[in-house]
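The opening residue of the sequence shown carries number 31 in my numbering; numbering runs sequentially from there.
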Amino acid sequence: MKNFLYAVRPLIYDSLGIIVFAGLVMLDTDVLVAAIAGLVIAAVIVLLDLVRHRPVPALQWISLVLMLVSTVATYLTNDPRFVMAKPSVVYLIVGCVMLKPGWMNRYVPEDSLPLIGDRMTFFGFVWAGLMFLTALLNLIVAVWFTASWPEFIAVFPLASKIVLFLIHFAIVRMTARRRLAERQASSAA
Numbered sequence: 031m032k033n034f035l036y037a038v039r040p041l042i043y044d045s046l047g048i049i050v051f052a053g054l055v056m057l058d059t060d061v062l063v064a065a066i067a068g069l070v071i072a073a074v075i076v077l078l079d080l081v082r083h084r085p086v087p088a089l090q091w092i093s094l095v096l097m098l099v100s101t102v103a104t105y106l107t108n109d110p111r112f113v114m115a116k117p118s119v120v121y122l123i124v125g126c127v128m129l130k131p132g133w134m135n136r137y138v139p140e141d142s143l144p145l146i147g148d149r150m151t152f153f154g155f156v157w158a159g160l161m162f163l164t165a166l167l168n169l170i171v172a173v174w175f176t177a178s179w180p181e182f183i184a185v186f187p188l189a190s191k192i193v194l195f196l197i198h199f200a201i202v203r204m205t206a207r208r209r210l211a212e213r214q215a216s217s218a219a
């Protein structure tokens with residue numbers, strides 16, 4: 031459980047502004063209010079890292095910038111289609127960032143990297159693929175199935191991330207245990 035919490039904490043932390051925004055939209059909060067709330071959360075997360083003298087990960091900077099841009103665009107256009115399409119831009123940008131090999135290394139203890147680094151790199155690309163798929167599906171639903179968008183955005187992005195996270199976590203954990211047992215067996219022989 032400790033390893034699970036270690037791995038899931040940054041995932042939630044990186045996405046909290048967007049999670050707050052989507053949750054408020056689902057509760058029929060005014061879109062501008064929801065965007066401002068998401069922006070404030072994203073800004074507080076970055077500020078906390080800066081105050082603690084920690085490096086701010088790229089995904090947090092991206093989240094903050096996108097929340098700022100979308101909040102301003104929402105205010106200027108008052109167009110709900112923009113807000114509905116905005117997650118597609120977020121997912122495309124995040125997917126592109128996730129194409130960098132090794133980006134997932136911060137999600138595991140450093141001493142585990144020699145054991146599972148290859149799996150973390152592989153799943154980094156799988157996560158990028160999920161972001162691109164989510165971007166495409168969000169755009170399709172926002173443009174052609176607008177009435178269903180609130181349900182889609184409330185269910186698919188989070189559910190797909192949870193499912194992939196559980197698969198990712200299980201495979202990496204099984205790989206680590208198997209490789210550790212193999213190392214112990216070869217060193218005992």
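Beta carbons are placed, not taken as given, at the ideal position from N, Cα and C, and that holds for glycine.
Since this is a predicted model, take the numbers as computed values, not measurements.
What do you reckon, are the CB atoms on Met56 and Pro180 nearer than 8 Å? yes
Do Gly68 and Met97 have their beta-carbon atoms positioned less than 8 Å apart in this structure?
yes
Mind the definition here: the segment 64-80 touches the segment 193-212 only if three or more C-beta pairs lie below 8 Å; say whether that holds. no
Less than 8 Å between the beta carbons of Val124 and Ile92, yes or no? yes
Task: Given Leu77 as reference, the closest of Thr107, Tyr43, Val138 and Leu167 once Cα atoms are compared - done: Tyr43
- Task: Rounded to whole angstroms, what's the CA-CA distance from Pro131 to Val138? Just pull it up for me.
- Result: 15 Å
Item to check | Own chain, CB closer than 6 Å to Ala88, minus 5 neighbours either side, in chain order | outcome: Val127
**Q.** Residue-level contact to chain B via CB, Arg213, 8 Å cutoff
**A.** Any reference to chain B falls outside this structure, which holds one protein chain only.
Whole-number beta carbon distance between Phe182 and Val171, since they are thought to touch under 8 Å: 4 Å
Query raised in the report: Is Lys130 helix, strand or coil when you go by DSSP?
Result: coil
- Can you give me the Cβ contacts of Pro117 inside the same chain, cut-off strictly under 6 Å, excluding the 5 residues immediately before and after it? Asn168
Distance check for Val102 and Arg213, CA to CA, integer angstroms please. 55 Å
Taking all protein chains shown into account, do 16 or more other C-beta atoms lie within 10 angstroms of the C-beta of Arg2, making it buried, or fewer, making it exposed? Outside the displayed range of the chain (31 to 219) lies residue 2, so it cannot be described from this structure.
List, from N- to C-terminal side, the alpha helix (DSSP H) runs of 4 residues or more that fit wholly inside the segment 65-153.
88-107 and 110-127
Secondary structure of Asp60, DSSP reduced to three states: coil
Original post:
Is DSSP giving Ala172 helix, strand or coil here?
Top reply: helix
By the three-class DSSP mapping on this structure, what secondary structure does Ala219 have? coil
Just to confirm my understanding: we take Met150, look at its own chain, exclude 5 residues before and 5 after, and list those with CB closer than 8 Å. What are they? Gly132, Met134, Asn135, Tyr137, Val138, Leu143 and Val202
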